[in-house]
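Asker: Sharing a structure, written as structure tokens. Questions coming.
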Amino acid sequence: MQLRVRGGKGNKDRYTLLSGELLEKLREYYRYYRPKTFLFEGRTAGKAYSKRTVQDLFKKILVESGIKKDASFHTLRHTFATHLLEQGTNIRVIQELLGHRSLRTTSVYLHVTNFDPSKIKSPLDGL
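This is the structure in structure tokens:
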């Protein structure tokens, strides 16, 4: 499933992935809370959470989860891209999902992947 991101970094629109499991959780949330304007509204109906409030909440959840590493939303994005690469997703597809203009920006993720040459199949095997 795809999710449209409107006005992302650089005020660009793009599409990225949304898992079916997460979609179902979001539907449950929506049915329960019935938000008016934003999916996740702040204390006042129709008003969005501030960026700072969401960042603080994320940090609090890290502590409560016992995660010692410092992490941010960018860490999640970086991890998402790294896992896609490790699964064999084409780097051009990842470039589109992340909304990068330059392939050079996306190629930063190449150095952190766990490359396992034994998982590569020769194109000659199918002949």
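Residues 1 to 127, numbered by full-length UniProt numbering, are exactly what the sequence shown covers, in order.
Built from N, CA and C at the ideal position, the CB exists for glycine as well.
Which first and last residues belong to the beta strand (DSSP E) in which R27 is found?
Answerer: In the sequence shown, counting from the first residue as 1, residue 27 sits at position 27. Boundaries around R27 are those of the alpha helix (DSSP H), G20 to Y33, since no beta strand (DSSP E) includes it.
Asker: Should T44 go down as buried or exposed, given a rule of 16 or more other Cβ atoms within 10 Å for buried?
Answerer: On the sequence shown, residue 44 is found 44 positions in, with the first residue counted as 1. With fewer than 16 other Cβ atoms within 10 Å, it is exposed.
Asker: Does the distance between the C-beta of L62 and the nearest non-hydrogen atom of the ligand NAP fall short of 8 Å?
Answerer: In terms of ligand content, the structure shown is empty, and the ligand NAP therefore cannot be addressed.
Asker: Going by other Cβ atoms of all chains shown within 10 Å of its Cβ, with 16 needed for buried, is H100 buried or exposed?
Answerer: Position 100 of the sequence shown, counting from 1, holds the residue named residue 100. By the beta-carbon neighbour count (other beta carbons within 10 angstroms, threshold 16), H100 is buried.
Asker: So, is residue 133 buried or exposed, given that buried needs 16 or more other C-beta atoms within 10 angstroms?
Answerer: Lying outside 1 to 127, the shown extent of the chain, residue 133 is not represented and no answer is given.
Asker: Counting Cβ pairs, one atom from each stretch, are 3 or more of them under 8 Å apart for the stretch 91-98 and the stretch 12-27?
Answerer: yes
Asker: What alpha helix (DSSP H) runs, 4 residues minimum, are completely inside the UniProt domain "Tyr recombinase" (1-125)?
Answerer: 20-33, 51-64, 73-86, 91-98 and 103-107
Asker: Less than 9 Å between the beta carbons of R53 and G46, yes or no?
Answerer: Numbered from its first residue, the sequence shown carries residue 53 at position 53. Numbered from its first residue, the sequence shown carries residue 46 at position 46. Checking the sequence, you will find Thr at residue 53 rather than Arg. Contact: no.
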